[in-house]
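> In the working numbering, the protein residues as written are 18 to 198.
First the structure, then my questions, so here it is.
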Amino acid sequence: MEAGDISKGKPGFGANKGVSVLDFVLRIVAFVCTLGSAIAMGTTNETLPFFTQFIRFRARFNDLPTFTFFVVANSVASAYFILSLPLSIFHIVKSGAQNSRIVMVILDTVVLALVTAGASASAAIVYLAHKGNTRTNWFSICQQFNSFCERISGSLIGSFGAVVVLIILILLSAVALSRRP
């Protein structure tokens with residue numbers, strides 16, 4: 018849309034601009050959530066002494082491939098959100114852009130799938146860490162590794178927060194696409 022379109026009273030111009038501004042803010046929120054989750058999980062490390070100071074038990078995020086996938090998925094999502102900010106600014110300036118919004122919806126959906134897969138897989142491991150599974154003789158490790166379990170649980174909260182923000186972003190893009198000027 019051109020600047021003169023405001024005076025012509027075209028419907029949806031102000032609404033699409035508002036949606037675009039909200040899209041930009043939500044992308045920053047999603048970036049913070051995914052980056053915080055990746056950093057929290059990636060720096061999780063706890064060591065416990067066992068009988069003597071020479072024998073120790075250690076819990077690190079990279080002991081489990083699921084947590085490594087979680088860190089990679091959230092890191093990729095963080096990079097995507099930073100790289101998508103210029104396009105989001107473009108949508109604020111040019112609210113009527115349709116093709117770039119369609120591309121953003123597709124990429125947002127791919128990132129949503131990636132973050133959801135990482136968070137869901139890690140949630141299963143975190144559940145086992147907290148509760149264990151007596152049928153398979155897997156014991157809860159969170160009684161011993163309190164700090165480790167608190168950090169991995171907190172990182173899941175941030176990642177699932179990003180999932181919610183991504184769903185809202187996709188819905189906002191759908192609303193903006195449905196309001197064709």
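We put the beta carbon where it would ideally sit given N, CA and C, even for glycine.
#1: In terms of alpha-carbon separation, which member of Q160, I106, R44, T61 lies closest to L173?
#2: So within the region 116 to 150, which uninterrupted alpha helix (DSSP H) runs reach at least 4 residues, ignoring any that extend past its ends?
#3: Could you tell me whether the region 116 to 136 touches the region 160 to 170, where touching means 3 or more Cβ pairs closer than 8 Å?
#4: Of the residues L145, N33, I184, which one's Cα is nearest the Cα of R44?
#5: Pull up the distance between the alpha-carbon of L186 and that of P82, whole angstroms please.
#6: Can you give the Cα-Cα distance for A193 and N33, rounded to whole angstroms?
#7: Assess, as a yes-or-no matter, whether the region 91 to 102 is touched by the region 40 to 54 under the definition of 3 or more beta carbon pairs within less than 8 Å.
#8: Quick one, which of S139, W155, R152 has its alpha-carbon nearest R168's?
#9: Sort H108, A57, L39, S37 by Cα distance to S176 and report the nearest one.
#10: Where do the ends of the alpha helix (DSSP H) carrying T83 lie?
In this structure, then:
#1: T61
#2: 116 to 148
#3: no
#4: I184
#5: 29 Å
#6: 6 Å
#7: yes
#8: S139
#9: A57
#10: 82 to 110
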